[in-house]
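Q: Attaching a single structure in structure tokens format; questions to follow.
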Amino acid sequence: MSRWSPQYPPKDPPQGAAPVPGDSVFAPHAGGGNAPAPQSDHAAKSVAAPPLPWIWLHAAASGGTGPLAELAFRLLSERDDLCVILTHPPGVPPAMEHPRLTAQPDPTGDANTLGRMLDSTRPVAAVLTGAPLPTAALNQTAARGIPVTLANAGRPDLPKRWGLLRPSARGAVARLDRIFTVSEPAATAWCRLGADRDMVRAIGRMADSPGALLCNEAEHDALARDLHLRPVWLSVGTPEAEDEAVLSAHLTALRLSHRLLLILHPDDPQRGPALHSRLAESFDVALRSRDDPIDSSTQIYIADTGGERGLWYRLAQVAYMGGTSCKAGSAFDPMEAASLGSALLFGPETHRFADSYTRLTQARAARALPSTAAARIGKQLGQAVSDMLEPEAAATHAAAAWDVVSQGSEATDTVMAHLLWRLDGAGESA
Numbered sequence: 001m002s003r004w005s006p007q008y009p010p011k012d013p014p015q016g017a018a019p020v021p022g023d024s025v026f027a028p029h030a031g032g033g034n035a036p037a038p039q040s041d042h043a044a045k046s047v048a049a050p051p052l053p054w055i056w057l058h059a060a061a062s063g064g065t066g067p068l069a070e071l072a073f074r075l076l077s078e079r080d081d082l083c084v085i086l087t088h089p090p091g092v093p094p095a096m097e098h099p100r101l102t103a104q105p106d107p108t109g110d111a112n113t114l115g116r117m118l119d120s121t122r123p124v125a126a127v128l129t130g131a132p133l134p135t136a137a138l139n140q141t142a143a144r145g146i147p148v149t150l151a152n153a154g155r156p157d158l159p160k161r162w163g164l165l166r167p168s169a170r171g172a173v174a175r176l177d178r179i180f181t182v183s184e185p186a187a188t189a190w191c192r193l194g195a196d197r198d199m200v201r202a203i204g205r206m207a208d209s210p211g212a213l214l215c216n217e218a219e220h221d222a223l224a225r226d227l228h229l230r231p232v233w234l235s236v237g238t239p240e241a242e243d244e245a246v247l248s249a250h251l252t253a254l255r256l257s258h259r260l261l262l263i264l265h266p267d268d269p270q271r272g273p274a275l276h277s278r279l280a281e282s283f284d285v286a287l288r289s290r291d292d293p294i295d296s297s298t299q300i301y302i303a304d305t306g307g308e309r310g311l312w313y314r315l316a317q318v319a320y321m322g323g324t325s326c327k328a329g330s331a332f333d334p335m336e337a338a339s340l341g342s343a344l345l346f347g348p349e350t351h352r353f354a355d356s357y358t359r360l361t362q363a364r365a366a367r368a369l370p371s372t373a374a375a376r377i378g379k380q381l382g383q384a385v386s387d388m389l390e391p392e393a394a395a396t397h398a399a400a401a402w403d404v405v406s407q408g409s410e411a412t413d414t415v416m417a418h419l420l421w422r423l424d425g426a427g428e429s430a
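As numbered in UniProt numbering, residues 1 to 430 make up the sequence shown, in order.
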């Protein structure tokens, strides 16, 4: 897996930035130690730009990547003089992409890996979310003078006899620069654990959007013109086990809206050509990887390219989260679709995104399909697509989705303001 954002790996490192992970900044060079690779004579004569400062954002397994992905998005949008490294639970990288964002799996379980990362990036500040507190990481950041903020903090998970652990707990809490909690009771609990009241502030939950996926605006405008205001629905990350159900749903929905287009995004882009060959027997099909045009007769557009989900979400009024009606579960955070205006449909297999689906459903921004029976999914999904494509319903669901995504915006801005204060203070003292 690329340690740059998996959607759009940049061709070159950001101007003035420290070397990127692909250049082996987190591993010793062949000659041993951590010395930089030899430069050419031409490079040696060049005046190197000063490195941009880094901010480290770390999401523990229980915290999810959404709040920190949104924080990273805002930091990088607000300032062009910093880089962000976001470390995440294995297999759960952030959906967003940015040329000054580096993402890599959680390094806190290995002291050497973590040490190389900290020494290579030398972050001016760090933010932790989730539990438990990574004590070893706090020791290493303290040794390097890196201020650490705990954000989105609920009540600390304490054992019944937590008083026996008071000395070690106080030691860990003392290494924190600031604690931003989701509630006043949580703030009180952290103070009981040894935090000074002045360093604890209840600000509510941070925004839980994974960061807006980018898209090529020229491509979007061209495809939107080709669609001529046709209704569009998307099945994103569709596993082979759900192909028939999605096609059955499209047939059902076509009976009520003959101009309807399905954007079929397979879980594996390499399935695209075979899908095209099979579906062309029954539908008018276009293939993205072949640059097929969309015309008025196109019924299914197979989106078999990587890194373009942001484009498909923007074009579709309704998105079905593929994999949620079979054991696979969805590979993608539903918040990434909600943040771009898609009303959501999903099955019962919500897996690690269960909390996000619950929030969206409670806000009436998403609709659950009740059955996993293969014979019933297609009909249920097709009827649900038709219902949600009604203009008033689509607008209502999209507005509700945006409300959910934007909740916690003030809390995220508070954390960002603290980090930028730290960043500017580090610059003045440099």
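We put the beta carbon where it would ideally sit given N, CA and C, even for glycine.
Please give the ranges of any beta strand (DSSP E) in the segment 249-281, keeping only runs that are unbroken, at least 3 residues long and fully inside the region.
A: As far as the segment 249-281 is concerned, its whole beta strand (DSSP E) runs of at least 3 residues are 261-266.
Q: If distances are taken between C-alpha atoms only, which option among Q407, R314, K327 and E308 comes closest to S356?
A: The residue labelled residue 356 in the question sits at position 356 within the sequence shown. Taking only the C-alpha atoms, the option nearest S356 is Q407.
Q: Roughly how many angstroms lie between the CA atoms of L419 and L71, to the nearest whole one?
A: As a first step, residue 419 is located in the sequence shown; it is residue number 419 there, counting from the start. As a first step, residue 71 is located in the sequence shown; it is residue number 71 there, counting from the start. Rounded to the nearest angstrom, the two C-alpha atoms are 10 Å apart.
Q: Going by DSSP in three states, N152 sits in which element: helix, strand or coil?
A: If you number the sequence shown from 1, residue 152 lands on position 152. Here N152 sits in strand by DSSP.
Q: From what residue to what residue does the beta strand (DSSP E) around G237 run?
A: Translated into the one-based positions of the sequence shown, residue 237 becomes position 237. That run of the beta strand (DSSP E) goes V232 to T238.
Q: For R201, which residues in the same chain have their Cβ closer than 6 Å to its Cβ, ignoring the five residues on either side in sequence?
A: Taking the sequence shown and counting its residues from 1, one reaches residue 201 at position 201. Result list for R201: F180, in chain order.
Q: Could you pull the DSSP bridge partners for Y320 from this structure?
A: Looking up residue 320 in the sequence shown gives position 320. In the DSSP output, where bridge partners are listed per residue, Y320 has S235 and L345.
Q: Can you name the start and end residues of the alpha helix (DSSP H) that L311 belongs to?
A: As a position in the sequence shown, residue 311 is number 311, starting the count at 1. Looking at the DSSP string, the run of the alpha helix (DSSP H) that includes L311 is R309 to L315.
Q: Roughly how many angstroms separate the alpha carbons of A43 and R74, rounded to a whole number?
A: Numbered from 1 along the sequence shown, position 43 holds the residue referred to as residue 43. Numbered from 1 along the sequence shown, position 74 holds the residue referred to as residue 74. Because A43 sits at a pLDDT of 35, beneath the cut-off of 50, its placement in the model cannot be relied upon, and the point is left open.
Q: Am I right that A411 and I203 are in contact with their C-beta atoms under 8 Å? What's the rounded C-beta distance?
A: By one-based count along the sequence shown, residue 411 stands at place 411. By one-based count along the sequence shown, residue 203 stands at place 203. About 4 Å; that satisfies the 8 Å criterion.
Q: Grab the span of the alpha helix (DSSP H) containing L360 for me, first residue to last.
A: Position 360 of the sequence shown, counted from the start, is the residue given in the question as residue 360. Where L360 is concerned, the enclosing alpha helix (DSSP H) stretches over A354 to Q362.
Q: From the DSSP output, in three-state form, read off F283 for me.
A: Position 283 of the sequence shown, counted from the first residue, corresponds to residue 283. Here F283 sits in coil by DSSP.
Q: Looking only at DSSP bridge pairs, what is W56 linked to?
A: For this step, residue 56 is matched to residue 56 along the sequence shown. Bridge partners of W56: I85 and A126.
Q: If contact is defined by three or more beta carbon pairs under 8 Å, each pair taking one atom from either stretch, is the segment 171-180 in contact with the segment 143-154?
A: Output reads yes: the segment 171-180 touches the segment 143-154.
Q: For V200, which of helix, strand or coil comes out of DSSP?
A: Translated into positions along the sequence shown, residue 200 becomes position 200. Strand at V200.
Q: Helix, strand or coil, according to DSSP, for Q140 in the structure here?
A: The count along the sequence shown starts at 1 and reaches residue 140 at position 140. Note: Q140 maps to helix in three-state DSSP.
Q: Classify P293: buried if its beta carbon has 16 or more other beta carbons within 10 angstroms, exposed otherwise.
A: Sequence index remark: in the sequence shown, residue 293 carries index 293 (1-based). Under this definition P293 is an exposed residue.
Q: Which of the three DSSP states is assigned to Q104 in this structure?
A: The residue given as residue 104 occupies position 104 in the sequence shown. Three-state DSSP puts Q104 in a strand.
Q: Distance, Cα to Cα, P105 vs L114?
A: For the purposes of this step, residue 105 is taken as residue 105 along the sequence shown, with counting starting at 1. For the purposes of this step, residue 114 is taken as residue 114 along the sequence shown, with counting starting at 1. Rounded to whole angstroms, P105 to L114 spans 11 Å at the Cα level.
Q: Shortest alpha-carbon distance to V246 belongs to which of L256, H265 and R259?
A: In the sequence shown, counting from the first residue as 1, residue 246 sits at position 246. Per the Cα distances, H265.
Q: Just grab the DSSP bridge partners of F180 for me.
A: Locating residue 180 in the sequence shown gives position 180, counting from the first residue. In the DSSP output, where bridge partners are listed per residue, F180 has R201.
Q: Quick check on the burial criterion: 16 or more other C-beta atoms within 10 angstroms. Buried or exposed for A222?
A: Here the question's residue 222 lines up with position 222 in the sequence shown. So A222 ends up on the exposed side.
Q: Kindly indicate which residue of P370, S325 and A363 has the alpha-carbon position closest to the one of E349.
A: Locating residue 349 in the sequence shown gives position 349, where the first residue counts as 1. Closest option to E349, Cα to Cα, is S325.
Q: Can you list, in chain order, the residues of its chain whose CB lies under 7 Å from that of L76, leaving out five sequence neighbours each side?
A: Stepping through the sequence shown from its first residue, residue 76 is reached at position 76. Result list for L76: V84, H98, R100 and L101, in chain order.
Q: Classify W56: buried if its beta carbon has 16 or more other beta carbons within 10 angstroms, exposed otherwise.
A: Residue 56 sits at position 56 when you count from the first residue of the sequence shown. Buried is the call here.
Q: Please list, in chain order, all residues of the same chain as P156 whose beta carbon is under 7 Å from its beta carbon, the five residues on each side excluded.
A: Locating residue 156 in the sequence shown gives position 156, where the first residue counts as 1. Hits under 7 Å: A189, W190 and L193.
Q: May I ask you to list the residues that DSSP assigns as paired with I302?
A: Along the sequence shown, read from residue 1 onward, the residue named residue 302 stands at position 302. I302 is bridged to L264 and L287.
Q: Pop quiz: residue 474 and C215 are said to be a contact at Cβ under 8 Å. What is the actual Cβ separation, rounded to whole angstroms?
A: Because the chain here runs from 1 to 430, residue 474 falls outside it and cannot be looked at.
Q: On the DSSP bridge list, what partners appear for A368?
A: What you label residue 368 is simply residue 368 of the sequence shown in a count that begins at 1. DSSP output for A368 lists F346 as bridge partner(s).
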